[in-house]
Each structure stands twice: as C-alpha cells, then as structure tokens.
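**Student:**
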Amino acid sequence: MKVLVIGSGGREHTLAWKLAQSPQVQHIFVAPGNAGTEWSAESGRASSVNVAVKADDIATLLDFAQQNAIDLTIVGPEAPLSAGIVDTFMAAGLKIFGPAQSAAQLESSKAFAKAFMQRHNIPTAAYQAFDTFEEAAEFIDEFAISGRSVVVKADGLAAGKGVIVCETVEEALQALHRVLIDHEFGSAGSQVVIEERLSGPEVSVLAFCDGQDVLLMPPARDHKRVFDDDQGPNTGGMGAYSDMHQPLIEPALLQEIKDRVLLPTVRGMAAEGTLFRGILYAGLMLTPDGFKVLEFNTRFGDPETQVILPLLKADLVEILLACIEGSLSEYPQSNSLWRDSACAAVVLTAPGYPGEYPKGLLITGLECVPQAEVFHAGTTRDSQNQVVTAGGRVLAVSACGETLTQALNQAYTGVEQIHFEGMHYRHDIGRPALTEAKDHLLEAQGNVYRLAGVDIDASNRAKSLMAAAVKSTYTPAVLGGIGAFGGLYDAGQLQQMNAPVLVASTDGVGTKMKVASRFGQWDTIGHDLVNHCINDILVQGARPLFFLDYVASSAIAPEQIAAIVGGIAAACRAVGCVLLGGETAEMPGVYVGGEFDLVGTIIGVVERAKIIDGSRIQPGDLIVGLPSSGLHTNGYSLARRALSELDWTIFRPELDCTIGEALLAVHRSYIPEIERLQSAGIDIKGLAHITGGGLIENPPRIFPDGTGAILHKGTWPIPTIFSLIQTTGDVSEAEMYRVFNMGLGMLAIIPPDQKALLSGDVYLVGEIIAGSGVAIQ
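Under this note's numbering, the first residue of the sequence shown is numbered 21, with each subsequent residue one higher.
1) May I ask which residues mark the beginning and end of the beta strand (DSSP E) holding Q515?
2) Considering only C-alpha positions, which residue in the set N551, F566, V571 and I632 is nearest to V559?
3) Bridge partners for M766 per DSSP, in chain order?
4) Leaving out five residues on either side along the sequence, give the residues of the same chain with a beta carbon under 6 Å from the beta carbon of S525.
5) Can you give me the start and stop residues for the beta strand (DSSP E) that F567 sits inside?
6) Measuring only the C-alpha atoms, how far is L283 from L348?
7) Taking the continuous alpha helix (DSSP H) assigned at C229, which residues delimit it?
8) Are the segment 578-591 and the segment 712-724 touching, with three or more C-beta to C-beta distances below 8 Å?
9) Contact between the segment 127-135 and the segment 189-197 is defined here as three or more beta-carbon pairs at a separation below 8 Å; is this criterion met?
10) Measure how close the beta-carbons of L767 and I710 come, nearest whole angstrom, since I'm counting them as under 8 Å.
11) Can you give the beta carbon distance from V71 to P52, rounded, assuming they're within the 8 Å contact cut?
12) Report the rounded CA-to-CA distance for G442 versus K379, giving the unit in angstroms.
13) Compute the distance between the beta-carbons of V407 and R413, then report whether it is under 8 Å.
14) Measuring straight from C-alpha to C-alpha, what distance separates Q41 and A497?
15) Determine whether the beta carbon atoms of F228 and I339 lie at a separation below 8 Å.
16) List, from N- to C-terminal side, the alpha helix (DSSP H) runs of 4 residues or more that fit wholly inside the segment 633-677.
17) Quick one: give me the first and last residue of the alpha helix (DSSP H) that E627 is part of.
18) Please confirm whether A416 and F395 have their CB atoms less than 8 Å apart.
19) To the nearest angstrom, report how far apart H460 and D83 are at their CA atoms.
20) Going by DSSP, what residues sit across from V366 in a beta bridge?
21) Specify, as a first and last residue, the run of the alpha helix (DSSP H) that A291 falls within.
22) With a Cβ-Cβ cutoff of 8 Å, do R868 and I299 count as a contact?
23) Mind checking which residues open and close the beta strand (DSSP E) that includes A302?
24) Which full runs of the alpha helix (DSSP H) of 4+ residues lie inside the segment 89-155, going along the chain?
25) If you drop the 5 nearest sequence neighbours on each side, which residues of the same chain put their C-beta closer than 8 Å to that of W542?
26) With a Cβ-Cβ cutoff of 8 Å, do K333 and R359 count as a contact?
27) Please report how far the alpha carbon of K278 lies from the alpha carbon of D175, in whole angstroms.
28) Hey, is Q426 close to the ligand PLP, as in C-beta under 7 Å from one of its heavy atoms?
29) Are the segment 730-747 and the segment 784-792 in contact at 8 Å, needing three or more beta carbon pairs?
30) Could you check what DSSP says for H547 in three-state terms: helix, strand or coil?
31) Measuring CB to CB, does C186 end up less than 8 Å from V172?
32) Looking at D107 and Q121, is the spacing between their C-beta atoms short of 8 Å?
33) Start and end of the beta strand (DSSP E) containing P52?
34) Within 8 Å, do at least three Cβ pairs link the segment 419-436 to the segment 381-395?
35) Please state if the CB of G321 and the CB of Y301 are separated by a distance shorter than 8 Å.
36) Assess contact between the segment 751-759 and the segment 676-684, defined as three or more Cβ pairs (one per stretch) separated by less than 8 Å. Is contact present?
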C-alpha cells in the first residue's frame, strides 16, 4: 500500500512511525511532514517521504493522492477535518480515515458539542453559549452569586489554547474580553462557551469508530499547562502518559465511559444522519460526582498519540480499514491488542512557547537516545541539512517500560541527551500517582497519602523483594532484622582488638545514576556505592563492619529498588560486610521524572597502631598506582556532556565495548590489592582514593605540610574512555587530570627501599617531593 499522512506534528510522525511497521505498507508520504518524517526503507520497514503540501491545501492534496495512486489517507490535524477534506476525498472515490465535516463539528464547535451532549444525556458540565459580551458577562455574574467558578472557552478551533480556567469573576471577565472583544483566538472566538468549572483528575479516552461501534484505546493523561505543577498558560500539551499495566482508570469505569459517552456519541451522530468514522477523543474529568466530558476531539490527540500507539501490538492499518469499511465489530475487542506496559512522553518546546518563540535553533543529541523514540513536531532541516527548530512544540521524547516509573525514567534520560538554545520542558510529567484517578475516587476512604504521590504499598513490596538479599549479608553480630527503627550490631568481637578505632564514611554515586537509568541497569550501581565507601575507609587502614543505604526517588518502583539493594548486598557479601539497614524514601516534588538518588554509610574498624594517616610520608617516598576500572563514580556530569553526540549503544573497537558499558564499569574495591601489598611486607605510609578532584586535588589531602608529588605521564595505561571524553568533548588535559582518575583509582605511598617488593597489577607512577600539590609531568 501507499499511505498518505496529512500533517506536520508529533502526532503525524508517530502515525508514520507506526504505519511503517505494517507489512501491508510499502511507501508513506507525509504532507507536509517535518525533519523526522523522512527515512529510507530498511529491515522490512516502509520508507517515508515528505510532500511539500500544506495540510489545509485540500485541492492539492487530492491531486497528489490521485496522481500517486494513494491507497489510504490519514488525517492528523483538526483544521482539514473541519474544512471537509474527508468529504472531498470520499467524493473522489478515495479511502480516507477521519470524520466527515458534519461529524467533525464535535471538535470544531464547542457549542455544537455541548448541545449534542445535552440532547443525548451524555454527562458534562452545565453551560451556556453566547455571541455577545454583555449576555455572557451577565451569566458569569449569576454563576458567581451561586459561589461557583467558570471556564471560558472559545467556540472554535484554537490549537488547544482557547480554554481559560478562571478563579474569580474578574478573571472570567478578562477571559471573555480576550475571546469576544480582543479576538485573541480569531474566528474561533466568534462565539464563547461558558461552563461550570469542575474539579478532579483529568483523563483522555480515545476510541477507533466505524459509525456504530468503537474500539477503545488505553486511557491517557496529558499535561496542558506550560510550567511544572500545572502553572502558566495552556498549551497544546507538554507531555502525556498511559499505562496498560496499572490503568489510569479501572476496567469497570472504562466500560461505563464507553457505554455512557463513546457509544451514545457515535450512535447519536448516526441517528442524526451523520456517520462518525475516525477517532473520537473524549477529554474527561473524574469529579466527586462521577465522570463528565470536558470536550471532544475528532482525531488522534497530541501528545497522547505518542504514548498510545507505542503500546499498540496490532497492525494499525487493519484497524483503520475496519473503521472505514464499517466492520469494526468483527475486530477483537481485547487488551491483547496492547502491550502490558506503560508509555510516557515529554515534550520539548522552544523558548517563549506558547507565546512568541524563535525558529531555526540548532538541535543536537537526537542520535543519542537509545531507549526512547524521539517524535519530531516543530522541526525542519536548514541549508546544511541540520535539524533546527521550526515551531513551538519541537520534539516529544517517548519511552515504554514495564512500569510507568521506568517509562518516565527512560523518557527523561532521553531528554537529557537533546539540546537546543532555550529548550524548555516540564519536569513533572507523570508526577501524579500512577493510579491517581482511582485514588481520587478512594480519597473519601482516607487514601490521601497515596493521592499525594506516596505509595506505602509499593514501599512494602520493595522491602519484601529486597529482604532475602539483605539477610544474605547477616552474621551472628546482627541482632535486629529488617524493618527495625535502628540496626543492632554486636560489637563484642572488637574486644579481641587491642585498641579498636571505628572509621565511618558517607558518600554517593552522583550522576552515574543517570547513566544507569538510561540503560535500566540498576544492580551494578549498588556495587559502585559499596566499593566507593569501602575505599574511603580503606585509606585509613580500616576494614568494613556494616553498611547502611539510602535510596530516594520521585516514586518507588519496587523492582528497581530491589535490584539496587541486591547489588549493594552482593558487594557487601564479597568483603564480609553486613548490610545492616537502610531507608527507601519516596519524595514526589523533590525528585521528578523517575529520578533516583543513592547514598551509603559504612562503618569500619582499625587497630589504632595500624591507622594509615599519611603523617609519615616524606620526600623520596614512591607513589604506587592501582589501576581503576574506568570513571568509577566521579566526573559523570562532564563525561555525559562530552559524549552526548555519540551513540552509546554501538560496539566501539577502541573501547572493546559500548560507551554505555564503559561508563557503567563497576567501581573497584581495593581491599584485595592493599592486603596483598601488606602481606608482601610493604609499609604503606599513605593511601589516596582518587574520587572527586581527580589526580590533582585528591593526593594532597594525605600529604604532610611541605610535601608534594610528581606523577610521570606514560608510567601507567590510561583507559581509552578518557581519551574519548577528552577529544570528543574538547576537554583540556589539565581539566581531565583535575576531574577524573585517569586510570588510577588508588595511590599508595611506600618507602623507596621497598620497590623490589612490588608485584602484580600495580604501577610505579611517581614520587613525593618537597613542596606542595601534584605536578603531572
């Protein structure tokens, strides 16, 4: 088949992307398309080509469809539908998906839609429609007397911006003036609809329609306001999410919406002489008095399409043809059509949107989003074939996951790889609890904490999943179990020591969490945390006794938390350290978009006489370097920026792995190497763990006053990942040594006469001198 998609936004890119997966489709044309809607045929996927015809140029579109023998046309935006493109194509004998002009009035006229709902007893807010300012203002005053507030809506199409939610009478009158007097929304404001303001969670329910029957899609939720916490003006949509695994609304309620809203609308239109074939989109609010329809759209939503179609397993072309042919009742009405997953999309906008905004801003990093789809909207290519901005809503980064938290996490990780000047996006997409709609209905039963975004049940499940891993680290010294307010550790074994000294350290893994999040690899992060803390007390000569962890996130994902803690437990077991306790904190509003933070505290012990504090270091001592496994847990903010233009998923021969694998290499524990050096009779005068500050700022922390160090370049191998960061990110050599370990994770200071005792995987890299600081020569 040859398929024509009409439109140029993210919705149309998503449609073309999904249509290309159909074995029935060979060629796709997108009119006019954007920078993302052109690609060559590959691996069985249909090709896609842009056509330089505007979406509202119906005559030229019809001519193109006829000249190119288009088998199926799909209309994305609302404007050509309201202008009658479907009627024109059908009159010419062409197959086209979308409602006729008379049916599209459900979206193109809010007054028509409200009157239709009233006629067919479809639940919606009380309203009145007006075409004069005076009558409308009088109605607003009457509402105010009753203590109710209103929503002012321009009657016609206003690109999602013609709805003004008003808190006061003054705001309502100002909104009325904007619509009817200032004509801010053009012809869309020739009439105004004023309706009662409702309260409750919003949800969108879309359905394929064939004139008599409907096929439901997964409910979705979008975010209209431009700023976090639903602040600022309305937009066309700043992001959305959908979840088949934990649906936004219960199946019974969804069935009721189908029976009381969608079917009555489609069959009501048929009864009034208009077959509704296409997409019926019901924007609903779940009020304390039940669901009510806020508005109808008569096409795929944007950005809802970007989170619904990635969940569709079935052939989209088959469903569209069933709608056109009136045979949707023969199509299986089953959740088997959809993936048992969640999907989330974050919209990136130009600075100034939804007001005036610049165009032509260079976009970078589009090729660095391995686990998400980037759907283009306001993009084009410049004279050098570079992708630049061309609209207000520029891109939507969409990702799927087993849970909504995973999907959001992947989407936001993708967002971080993309850059253009002034890029704006909301940080709280999906912040409402995964089952906020259901929780709203349960609020009267006291489920307020979950409504606020904290899910105690998820926390309990996480504890259950991690329990076995934690207990696997226990020794007879542990006197308390999981869930106690404090961990109990029997320190009786320390009585065998002459003068035991406790050594403690707290640290985290920094933005390496973001790399782990990008690839969904959570267990190794636990190893990183433990080994980092072990090395921090090892430099004083201590060995670990017990460990405490702290994991904080925007929303608890039990499986992820269990994977992290499982890695922590494995690292503890490897060195005989007890994982004594921890804290799992869920803090919506502090962390956003599935973000995590990970911190650990370790307690160790050393004999006072064996403390290593660097006080005996003197000029002439030798510096022994112990190799690192990579970046360890420092410098990731710079590394991520430096490597952002590269593909982190492909195998790179110079690294012998992918960039992602190189960045996630586990932070080493140096207990085995230090014990080997000591067992060889080497007197270790000082140890420096090379963390934040790199080779320049870390070693001086253990030097006595008046001493410094020289490190000789070329005396140890520098892992290739560092040179890749330096060259790709244009980072100076001095900055590299100041930020990274450059291949040396630990430095040991030893007497010069013990050089012959060295063996194994260690390097003689420098010496102590009189002076200060560290010189790299």
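Think of the CB as a built atom: it goes at the ideal place given N, C-alpha and C, for glycine as much as any other residue.
If you're wondering where the values come from, they're calculated on a predicted model, not measured in any experiment.
**Tutor:** On the basis of the supplied data:
1) Per DSSP, Q515 belongs to no beta strand (DSSP E) and is neither H nor E.
2) I632
3) L646 and H709
4) C553, D556, I557 and I622
5) R563 to S573
6) 13 Å
7) No alpha helix (DSSP H) holds C229; the beta strand (DSSP E) holding it covers E222 to D230.
8) no
9) no
10) 7 Å
11) 7 Å
12) 11 Å
13) no
14) 59 Å
15) yes
16) 656-662
17) Counting along the chain, E627 falls outside any alpha helix (DSSP H), though it belongs to the beta strand (DSSP E) covering F616 to E627.
18) yes
19) Only weak support exists for where H460 lies, its pLDDT of 45 falling under 50; the coordinates are left without a value.
20) G259 and V417
21) L283 to A291
22) No answer is possible for residue 868: it lies beyond the span of the chain, which begins at 21 and ends at 797.
23) R297 to T307
24) 98-102, 105-111, 125-128 and 130-139
25) A536, Q580, A583, I584 and G587
26) yes
27) 25 Å
28) The ligand PLP is not part of the structure shown, which contains no ligands of any sort.
29) yes
30) helix
31) yes
32) yes
33) H47 to P52
34) yes
35) yes
36) no
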